[in-house]
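Below, the structure written as structure tokens:
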């Protein structure tokens, strides 16, 4: 269910552009810096609703930072290549998997998914931050959205640990 919600949020940014690009290949931007291969500027601005309100993405993003553990999978599937991914930070882990490896020339920077590294995110100069599967708090969202348009969890997102929490009897 959460994956469907995430895909719906990203689809709001890219699907209309993908359809429009079929009609006019001249509108397709190049593949540099994480640019989409099939989302022309005609799909923008786009508005995405989420837990902390709405985010307007004014133009096709070229520098996407994905802060949720799996945010990059549907992003890549929609034709965008993120410039940084979130994951477990150690020398043996990479969030780049066989199904999305071809989208990345080399593994992009991996940010700590357990604690947002705001300075590192800012240094990447993103034009879109995806924090859909990240557990971002309202305070985190405020800091991130000051850097770039930020898409947070859907309004009905439930943290993974909630079903495991003890309930009163």
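Numbering (mature numbering (1 follows the signal peptide of the UniProt record, and there is no 0)), first residue to last: -22 to -1, 1 to 147. Where a beta carbon is used, it is the ideal one built from N, C-alpha and C, also for glycine.
Q. Are residue 99 and residue 49 touching if we call contact CB-CB under 8 Å?
A. no
Q | Beta-carbon contacts of residue 134 that lie in its chain and below 6 Å, excluding the five residues immediately before and after | A | none
Q: Would you check if the distance between the CB atom of residue 107 and the CB atom of residue 124 is smaller than 8 Å?
A: In this structure, residue 107 lies away from residue 124, with their beta-carbon atoms at least 8 Å apart.
Q | For residue 63 and residue 89, the rounded distance between their alpha carbons | A | 6 Å
(Q) Please report the distance separating the alpha-carbon of residue 75 from that of residue 116. (A) 30 Å
Q.
Based on DSSP bridge pairs, tell me the residues matched to residue 107.
A. Partner(s): 43, 128.
Q.
Classify residue 4: buried if its beta carbon has 16 or more other beta carbons within 10 angstroms, exposed otherwise.
A. Residue placement at residue 4 is flagged as unreliable, the pLDDT there being 38, under the threshold of 50; the coordinate-derived value follows with that caveat. So residue 4 counts as exposed.
Q.
Quick check on residue 26: buried or exposed, where buried means 16 or more other Cβ atoms within 10 Å of its Cβ?
A. buried
Q: Report yes if the C-beta distance between residue 29 and residue 132 is below 8 Å; otherwise report no.
A: yes
Q) Where do the ends of the beta strand (DSSP E) carrying residue 34 lie? A) 31 to 35
**Q.** First through last residue of the beta strand (DSSP E) which encompasses residue 27
**A.** 24 to 28
Q.
Do residue 73 and residue 83 count as a contact pair if the criterion is CB distance below 8 Å?
A. no
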